[in-house]
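Chemist: Residue numbers (the working numbering), protein chains in the order written: chain A, 1 to 295; chain B, 1 to 233. Idealized CB from N, CA, C, for every residue including glycine. Before I ask anything, here is the structure I am working with.
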Amino acid sequence: MQTIQAIIDAIAVGALYALVAVGLALVFGVMRLINFAQGELITAGAYSLYLTRNLPLVVSIVVCFVVCVALAVAIERVAFRPLRGASPATTLVATFAVAFALEAVWLIAFTPQGKTADLLSALNRTATHGSLHLRWVTITELVAGVVLLGGTVLVLNRTTIGLHMRAAASDFRAARLLGVRADRVIRAAFAMSGFLAAVVSLLLTVQQPLVTPTFGLDVTILALVGAVLGGIDRLATATAGGFLIGFISSILGDELPASLSNFAPSFTFLVVILVLLIRPAGLLAPLGQSGVDRV
Amino acid sequence: MLELDRVEARYGAISVVRGVSLTVAGGEIVGLIGPNGAGKTTTLLTIMGEVPCAGGVVRLRGKAISGLPTEATVRRGIALVPEGRHIFANLTVAENLRLGLAGRQSRDGLDADMDWIHGLFPVVGQFRERPAGALSGGQQQQLAIARAMIAAPTVLLLDEPSLGLAPSVIDTVLGALSDIRARGVAILLVEQRAQLIAGFADRTHVLSNGRIRMSLTPDEAQDTDRMIAAYLA
Chain A
1 MQTIQAIIDA IAVGALYALV AVGLALVFGV MRLINFAQGE LITAGAYSLY
51 LTRNLPLVVS IVVCFVVCVA LAVAIERVAF RPLRGASPAT TLVATFAVAF
101 ALEAVWLIAF TPQGKTADLL SALNRTATHG SLHLRWVTIT ELVAGVVLLG
151 GTVLVLNRTT IGLHMRAAAS DFRAARLLGV RADRVIRAAF AMSGFLAAVV
201 SLLLTVQQPL VTPTFGLDVT ILALVGAVLG GIDRLATATA GGFLIGFISS
251 ILGDELPASL SNFAPSFTFL VVILVLLIRP AGLLAPLGQS GVDRV
Chain B
1 MLELDRVEAR YGAISVVRGV SLTVAGGEIV GLIGPNGAGK TTTLLTIMGE
51 VPCAGGVVRL RGKAISGLPT EATVRRGIAL VPEGRHIFAN LTVAENLRLG
101 LAGRQSRDGL DADMDWIHGL FPVVGQFRER PAGALSGGQQ QQLAIARAMI
151 AAPTVLLLDE PSLGLAPSVI DTVLGALSDI RARGVAILLV EQRAQLIAGF
201 ADRTHVLSNG RIRMSLTPDE AQDTDRMIAA YLA
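Structure follows, in structure tokens:
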């Protein structure tokens with residue numbers, strides 16, 4: 001039963017990382033840009049939860065979504081749109097610059113000391129079924145993962161903006177030559193990534209209510225590694241890669257002896273390097289596909 | 001309808017289109033032929049706003065459109081069928097067609113237009129749920145033209161639509177272009193097959209080294225010596 005519980009926990013963590021990976025892959029799809037500032041969106045959402053901790057819960061949650069989506073759209077408008085058409089190296093440096101600039105803002109505004117955002121701490125309560133003890137946040141992560149991943153697929157497959165995003169991800173120039181509006185498609189991708197970041201903020205603050213300036217960084221880096229491992233140029237493989245890395249991290253965290261658990265990330269990254277040496281396009285990319293230009 | 005007035009375009013310091021002037025009226029097919037590197041594709045991309053117009057002006061129905069973003073140019077009524085077709089292979093035929101709606105100004109008359117397009121290219125209706133990448137080259141070319149026509153353009157630009165196609169398919173494509181012309185659409189057709197196009201278009205300009213060197217009527221299409229002289233200019 002303990003194994004089943006560990007697996008369910010790992011699936012929930014995997015779902016969380018998959019949501020971060022989807023946000024990264026949506027932006028990568030339309031801009032061929034790895035948005036390192038994605039982690040700062042998660043941090044911004046968490047700080048907004050801290051700032052609105054005395055307001056009604058619903059208001060806090062709504063503000064968190066508004067902050068994450070607005071910040072994502074603003075970053076695109078202010079930092080990335082003027083650089084559109086610039087070399088991949090330039091835009092990559094820009095994403096670092098935005099991430100570091102926002103981290104500096106968090107440091108100045110909130111100091112390095114953590115701020116507590118425990119609005120949803122009730123989700124840490126345990127639901128017991130026989131000898132299975134699951135925290136409500138685990139169940140929420142599972143449900144949120146299924147609903148949001150399904151919702152993303154529906155948006156991409158059933159809406160006009162989704163069709164435009166898929167076309168732009170495939171060949172942006174050809175899409176523009178058909179009249180697809182680049183600004184709108186890119187804004188939609190950033191807005192969706194902001195929405196997903198808000199959900200991750202909410203769920204992460206349940207598990208670790210202490211919000212620091214690097215709150216969203218670790219989860220984003222690991223999710224990025226997962227997305228690249230799966231194949232970041234495809235939403236499905238990036239999502240699966242994000243899920244896989246979360247799942248493996250959780251299992252390693254549970255199963256490794258205490259003396260080795262500190263090295264769990266090292267083992268994870270070693271496996272990632274080996275996999276990418278053998279399958280540069282990603283573990284889950286179709287056979288024969290060469291590596292994409294990654295920035 | 002479409003007017004290029006001493007249009008220039010360059011890539012960095014290299015001048016590629018040098019003072020090209022031409023007009024295409026509604027219901028007219030104008031050919032643009034020339035050797036590789038003559039500036040034909042760049043001329044089309046400059047009209048679309050994809051390459052900046054470095055000099056001169058592009059007008060549509062008398063209004064300057066130079067400097068507009070590509071998406072805005074499309075919504076003004078200019079559609080391009082690019083070289084290599086640029087079909088979205090992972091999308092279905094129906095989804096590729098729906099993408100053409102991005103450039104359409106209004107949904108008025110869409111059903112009638114769809115019926116007309118399906119009649120013109122039955123293949124797009126026949127394989128509508130099939131991934132576009134599974135179509136043959138000729139079928140993809142028909143899909144590319146059908147997709148462009150969904151936008152109900154007043155000007156249609158085509159970049160080497162016969163490239164890689166069998167002669168029978170080329171006949172189908174040219175036949176469709178005649179039908180499109182009959183609806184009053186202005187067509188600017190870039191091609192490598194000089195004699196084929198010079199005999200088909202209402203008039204054909206020979207572009208060489210970024211300049212128009214000669215203009216031909218269909219009757220002059222067989223004047224091979226003149227054409228070779230213009231190509232080598």
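Tell me, which residues are paired with MET31 (chain A) by DSSP?
Modeler: On the first sequence, residue 31 (chain A) is found 31 positions in, with the first residue counted as 1. BP columns for MET31 (chain A) are empty, so no partner.
Chemist: Would TYR17 (chain A) be called buried (16 or more neighbouring beta carbons within 10 Å of its own) or exposed?
Modeler: Along the first sequence, one-based indexing puts residue 17 (chain A) at 17. Flag for TYR17 (chain A) reads buried.
Chemist: Looking at C-alpha atoms only, which residue of B:SER162, B:CYS53, B:ALA152 is the closest neighbour of ALA112 (chain B)?
Modeler: By one-based count along the second sequence, residue 112 (chain B) stands at place 112. Measuring from the Cα of ALA112 (chain B), the nearest candidate turns out to be B:ALA152.
Chemist: Determine the chain A residues that contact GLU71 (chain B) at a beta-carbon separation under 8 Å, and present them in chain order.
Modeler: Within the second sequence, numbered from 1, the residue matching residue 71 (chain B) stands at position 71. Within chain A, the residues near GLU71 (chain B) are ARG176, GLY179, VAL180, ARG181, ALA182.
Chemist: At 9 Å on the CB atoms, spell out the chain B contacts of SER170 (chain A), in chain order.
Modeler: Along the first sequence, one-based indexing puts residue 170 (chain A) at 170. Within chain B, the residues near SER170 (chain A) are PHE88, ALA89, ASN90, LEU91.
Chemist: Using the beta-carbon count (16 or more within 10 Å), is PHE28 (chain A) buried or exposed?
Modeler: As a working note, residue 28 (chain A) is residue 28 in the first sequence. PHE28 (chain A) should be labelled buried.
Chemist: I need the straight-line Cα distance from GLY114 (chain A) to GLN208 (chain A), nearest angstrom please.
Modeler: By one-based count along the first sequence, residue 114 (chain A) stands at place 114. By one-based count along the first sequence, residue 208 (chain A) stands at place 208. In a straight line, the C-alpha of GLY114 (chain A) is about 10 Å away from that of GLN208 (chain A).
Chemist: Can you list the residues of chain B that LEU163 (chain A) reaches, using a CB-CB cut of under 8 Å?
Modeler: Taking the first sequence and counting its residues from 1, one reaches residue 163 (chain A) at position 163. Result: LEU91, GLU95, ARG98, LEU99.
Chemist: Along the chain, where does the beta strand (DSSP E) that runs through ILE245 (chain A) open and close?
Modeler: The residue given as residue 245 (chain A) occupies position 245 in the first sequence. Not the beta strand (DSSP E): ILE245 (chain A) falls in the alpha helix (DSSP H), residues 235-255.
Chemist: To the nearest whole angstrom, what separates the beta carbons of ILE232 (chain A) and ALA188 (chain A), a pair I think is in contact under 8 Å?
Modeler: For the purposes of this step, residue 232 (chain A) is taken as residue 232 along the first sequence, with counting starting at 1. For the purposes of this step, residue 188 (chain A) is taken as residue 188 along the first sequence, with counting starting at 1. The pair is not a contact, with the Cβ atoms about 19 Å apart (cut-off 8 Å).
Chemist: Comparing the C-beta of VAL74 (chain B) with each C-beta of chain A, is any distance below 8 Å?
Modeler: The residue you call residue 74 (chain B) lines up with position 74 of the second sequence. Yes, contact with chain A.
Chemist: Using the Cα positions of TYR11 (chain B) and ALA54 (chain B), report the straight-line distance between them to the nearest angstrom.
Modeler: Within the second sequence, numbered from 1, the residue matching residue 11 (chain B) stands at position 11. Within the second sequence, numbered from 1, the residue matching residue 54 (chain B) stands at position 54. Approximately 10 Å between the Cα atoms of the pair.
Chemist: So ARG158 (chain A) is in the alpha helix (DSSP H); what residue range does that whole segment cover?
Modeler: Mapped onto the first sequence, residue 158 (chain A) falls at position 158. Segment 136-158, the alpha helix (DSSP H) holding ARG158 (chain A).
Chemist: Going along chain B, which residues have a C-beta under 9 Å from ALA167 (chain A)?
Modeler: Translated into positions along the first sequence, residue 167 (chain A) becomes position 167. Within chain B, the residues near ALA167 (chain A) are PHE88, LEU91, GLU95, ASN96, LEU99, ALA102.
Chemist: Measure the CB-CB distance between VAL123 (chain B) and GLY26 (chain B) and report whether it falls below 8 Å.
Modeler: Working through the second sequence from its first residue, we reach residue 123 (chain B) at position 123. Working through the second sequence from its first residue, we reach residue 26 (chain B) at position 26. No, Cβ-Cβ distance for VAL123 (chain B) and GLY26 (chain B) is not below 8 Å.
Chemist: Report the rounded CA-to-CA distance for ALA9 (chain B) versus GLN222 (chain B), giving the unit in angstroms.
Modeler: Translated into positions along the second sequence, residue 9 (chain B) becomes position 9. Translated into positions along the second sequence, residue 222 (chain B) becomes position 222. Between ALA9 (chain B) and GLN222 (chain B), the C-alpha separation is close to 31 Å.
Chemist: Roughly how many angstroms lie between the CA atoms of PRO161 (chain B) and ARG98 (chain B), to the nearest whole one?
Modeler: As a working mapping, residue 161 (chain B) is identified with position 161 in the second sequence. As a working mapping, residue 98 (chain B) is identified with position 98 in the second sequence. PRO161 (chain B) and ARG98 (chain B): Cα-Cα distance of roughly 21 Å.
Chemist: For ARG125 (chain A), which residues in the same chain have their Cβ closer than 8 Å to its Cβ, ignoring the five residues on either side in sequence?
Modeler: Within the first sequence, residue 125 (chain A) is the residue found at index 125, counting from 1. Non-local C-beta neighbours of ARG125 (chain A) in its own chain, meaning closer than 8 Å and more than five positions away in sequence, comprise ARG135, TRP136, ordered along the chain.
Chemist: Comparing alpha-carbon positions, which option in A:PHE96, A:GLY230, A:PHE267 lies nearest PHE36 (chain A)?
Modeler: Within the first sequence, numbered from 1, the residue matching residue 36 (chain A) stands at position 36. That would be A:PHE96, whose Cα lies nearest to the Cα of PHE36 (chain A).
Chemist: Is it right to say THR116 (chain A) is buried, meaning 16 or more other beta carbons lie within 10 angstroms of its own, or is it exposed?
Modeler: Here the question's residue 116 (chain A) lines up with position 116 in the first sequence. Taking all protein chains in view, the Cβ of THR116 (chain A) is surrounded by fewer than 16 other Cβ atoms within 10 Å, so the residue is classified as exposed.
Chemist: Whose C-beta lies closer than 8 Å to the C-beta of VAL211 (chain A) among residues of the same chain, with five residues either side of it excluded?
Modeler: By 1-based counting over the first sequence, the position of residue 211 (chain A) is 211. Correct list, in chain order: THR43, ALA46, TYR47, LEU49, TYR50, PHE110, GLY114, LYS115, THR116, ALA117, THR205.
Chemist: Around the C-beta of THR204 (chain B), are 16 or more other C-beta atoms found within 10 angstroms, so that it is buried, or is it exposed?
Modeler: Residue numbering aside, residue 204 (chain B) sits at position 204 when the second sequence is read from its first letter. Its Cβ being crowded by 16 or more others within 10 Å, THR204 (chain B) is buried.
Chemist: Closer than 8 Å, Cβ to Cβ, to anything on chain A: give me those residues from the stretch 105-137 of chain B, in chain order.
Modeler: none
Chemist: By the 8 Å beta-carbon criterion, what residues does the stretch 30-52 of chain B contribute toward chain A?
Modeler: The residues in question are MET48, GLU50.
Chemist: Pull the bridge partners of ILE78 (chain B) from the DSSP assignment, please.
Modeler: Here residue 78 (chain B) is taken as the residue at index 78 of the second sequence, counted from 1. B:VAL155.
Chemist: For my contact list, LEU24 (chain A) and GLN38 (chain A) are in at a C-beta cut-off of 8 Å; report their separation, rounded to the angstrom.
Modeler: For this step, residue 24 (chain A) is matched to residue 24 along the first sequence. For this step, residue 38 (chain A) is matched to residue 38 along the first sequence. At roughly 6 Å, the Cβ-Cβ gap stays under 8 Å, so LEU24 (chain A) and GLN38 (chain A) are in contact.
Chemist: Would you mind telling me which residues of chain A sit closer than 8 Å to PRO236 (chain B), beta carbon to beta carbon, in chain order?
Modeler: Look at the range of chain B in this structure, 1 to 233, and you will see that residue 236 (chain B) is not part of it.
Chemist: DSSP has TYR50 (chain A) in a bridge; who is on the other side?
Modeler: What you label residue 50 (chain A) is simply residue 50 of the first sequence in a count that begins at 1. Its beta-bridge partners do not exist; DSSP assigns none.
Chemist: On the three-pair Cβ rule with 8 Å, is the stretch 244-257 of chain A touching the stretch 192-203 of chain A?
Modeler: no
Chemist: Check the C-beta distance from ILE187 (chain B) over to ILE180 (chain B) and give it rounded, since I have them as a contact under 8 Å.
Modeler: Residue numbering aside, residue 187 (chain B) sits at position 187 when the second sequence is read from its first letter. Residue numbering aside, residue 180 (chain B) sits at position 180 when the second sequence is read from its first letter. So it is a contact: roughly 7 Å between Cβ atoms.
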